[in-house]
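**Q**
Residue numbers (mature numbering (1 follows the signal peptide of the UniProt record, and there is no 0)): -24 to -1, 1 to 506.
(1) Between the Cα of residue 348 and the Cα atoms of 323, 462 and 275, which residue gives the shortest distance?
(2) If contacts are defined as beta-carbon pairs under 8 Å, then residue 368 and residue 391 qualify, I think. What distance do you get, rounded to the angstrom?
(3) Quick check: the Cα distance between residue 137 and residue 412, rounded to an integer number of angstroms?
(4) Between the region 123 to 140 and the region 151 to 166, do three or more beta carbon pairs fall short of 8 Å?
(5) With a CB to CB cut of under 7 Å and the five nearest residues on each side skipped, what residues in its chain are close to residue 204?
(6) What is the rounded straight-line gap between the Cα of residue 398 and the Cα of residue 476?
(7) Per the contact definition of three or more C-beta pairs closer than 8 Å, is the region 35 to 54 in contact with the region 97 to 110?
(8) For residue 274, is the classification buried or exposed, using 16 other Cβ atoms within 10 angstroms of its Cβ as the cut-off for buried?
(9) Taking the Cβ atom as the reference point for each residue, do residue 402 and residue 420 lie within a distance shorter than 8 Å?
(10) Which two residues bound the contiguous alpha helix (DSSP H) that contains residue 285?
(11) Closest by CA to residue 19, which one among 381, 395, 115 and 481?
(12) Please give the ranges of any alpha helix (DSSP H) in the region 120 to 173, keeping only runs that are unbroken, at least 4 residues long and fully inside the region.
(13) Any idea which residues DSSP pairs residue 334 with across the strands?
(14) Taking 8 Å as the cut-off, decide whether the C-beta atoms of residue 281 and residue 266 are in contact.
(15) Along the chain, where does the beta strand (DSSP E) that runs through residue 11 open and close?
(16) Pull up the CB-CB distance for residue 131 and residue 296, whole angstroms please, since I reckon it's below 8 Å.
(17) Once DSSP output is grouped into helix, strand and coil, what is the label at residue 322?
(18) Tell me residue 250's beta-bridge partners as DSSP assigns them.
(19) Taking residue 332 as the reference, which of 300, 97, 379 and 316 has the closest Cα?
(20) Could you tell me which of 12, 427 and 146 sits nearest to residue 469, measuring between CA atoms?
(21) Of the residues 306, 114 and 259, which one's Cα is nearest the Cα of residue 373?
(22) Measure the alpha-carbon distance for residue 328 versus residue 251 and round it to whole angstroms.
(23) In whole angstroms, what is the alpha-carbon distance linking residue 64 and residue 304?
(24) Tell me where the alpha helix (DSSP H) around residue 114 begins and ends.
(25) Among 93, 361, 467 and 383, which one has its Cα closest to the Cα of residue 309?
(26) Are residue 24 and residue 261 touching if we call contact CB-CB under 8 Å?
(27) Have a look at 36, 149 and 315 and flag the residue whose alpha-carbon is nearest the alpha-carbon of residue 375.
(28) Could you check if residue 35 is buried or exposed, using at least 16 other CB atoms within 10 Å of its CB as the buried criterion?
(29) For residue 479 and residue 418, which I take to be in contact (beta-carbon distance under 8 Å), what is that distance rounded to the nearest angstrom?
(30) Express the C-alpha separation of residue 353 and residue 359 in angstroms, rounding to a whole number.
(31) Give a yes or no on whether the C-beta atoms belonging to residue 96 and residue 28 are separated by under 8 Å.
(32) Which same chain residues, not among the five before or five after residue 112, have their C-beta less than 6 Å away from its C-beta?
(33) Pick out whichever of 80, 147, 14 and 74 has its Cα sitting closest to the Cα of residue 94.
(34) From the DSSP secondary-structure annotation, give me the bridge partner or partners of residue 481.
(35) Per the DSSP calculation, residue 380 is bridged to which residue(s)?
(36) Cα separation between residue 437 and residue 346?
Here it is, written out as structure tokens:
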């Protein structure tokens, strides 16, 4: 079991801020339960559960329960499709598998037309199939709402799991860099950063950032759309319900009431035979580990674990957008990052897969470079660590492409630049004025690939501030202090190149004022005394 799954959930923090006394201490989802192996087949392709954000009518779903060899309990695996809160599903929409029988251990089911959700149950074998079917058919709305909440909870949990995992990893590797990592990581995953944690010494920052009760999970409307729910869910951090002014993405996730809500939902139809307990799913590839908030009971009322599967709805590609619209990106940088935002689930899940940077090539087939999402760097990075760009021009266009589940989608475009082998930079024609700070514009190729700008002189080199302007210009801030002579030299270095390009900038110094002609003193003409 990973360290991530051991972290306790701090769901009771809302009690300190909410006006209602109804929120009580709740058991965290920190108990690791059975594992399920799930695959989905559609149109001749098969994907693991972790790569499928939504199901569709006609999908063929295979489920296998991994209960462990030392587990002597006979579990019945039940699958039920749901129509809606006011429509009872037919009995034919329910299936079962006897996990202890080799030939009957797996479920293989097809999504029927008209189904909206899929819910799985794991129940001790004691004639429970009919009881589960009756419970769902008697109160379908309760199970619809519970499935929505659990689906949303698992998606939000994945975002926080990624945040905690990266913080703990950085703490082990280099705690001094947590302050640098955390702003980008929280922005990528839509987690509100508790900045006061960064004032602590390095070794204490990760614990503060991951365990703080004041941290906030920002709502993501794309995540909510996948789960089709109006309520939030629990997480490794505890959250306050707040709001921000950013339109459809502008609410902090109400990720604090799911245990209370599920207790109310399931409590309405608990029977003497069974007690339904919610589970979250931690999905990696095709394996879903069930996380429980209560230990299952094998005495009456026996526990039935409730597991939500992805919603059955049309696919919706992630609303990816560039975090720096219009800025060129250097393909020849070893630390290349394609900045992206808008869908935290591209970092926290495997829903977006087979991602590539599709680069246009003159008169030829596009060059596709495999990509990997990196939340700590705020975008996509090259999966192989280095790009092969032989034959590409110094400036070209590219676009993000990939798969969202079974759905192909196209992301934002980028203007790519490649550092030239023999760079040339030209300065403004007018000489610089002496004794004045100046903003100098230089024109040349691939400014996005520039890694440093230095002032060269008789003494030691000095770094100069600079920024990119458009696709072919650099604006350099040149100070007047320490600049002597009739010209200065500026060294511009590209990423990955040893030798810089030198640019000489003339300095106009004022001509000294000419000396005035000497003036002869006037003779004294006063009369002599008698």
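Even for Gly, the Cβ is constructed at its ideal location relative to N, Cα and C.
Nothing here was measured: the structure is a model prediction, and the numbers come from that model.
**A** A quick look at the data gives this:
(1) Per the Cα distances, 323.
(2) Between residue 391 and residue 368 the Cβ distance is about 13 Å, and since that is not below 8 Å, they are no contact.
(3) 53 Å
(4) yes
(5) Residue placement at residue 204 is poorly supported in this model, since its pLDDT is 43, which falls under 50; the coordinates still yield a value, given next. So the list reads 124, 287 and 289, once near-sequence residues are dropped.
(6) Roughly 10 Å separates the two Cα atoms.
(7) yes
(8) By the Cβ-count criterion, residue 274 is exposed, with fewer than 16 other Cβ atoms from all chains shown falling within 10 Å of its own Cβ.
(9) yes
(10) Residue 285: not part of any alpha helix (DSSP H); DSSP gives it neither H nor E.
(11) 381
(12) 154 to 165
(13) Bridge partners of residue 334: 344 and 375.
(14) yes
(15) 7 to 18
(16) So it is not a contact: roughly 17 Å between Cβ atoms.
(17) In the displayed model, residue 322 falls within a helix according to three-state DSSP.
(18) 278
(19) 379
(20) 427
(21) 306
(22) Answer to the nearest angstrom: the Cα atoms are 36 Å apart.
(23) 55 Å
(24) 104 to 114
(25) Ranked by Cα distance from residue 309, the options 93, 361, 467 and 383 are led by 361.
(26) yes
(27) 315
(28) buried
(29) 6 Å
(30) 13 Å
(31) no
(32) 56 and 119, listed in sequence order.
(33) 14
(34) 464
(35) 328 and 383
(36) 39 Å
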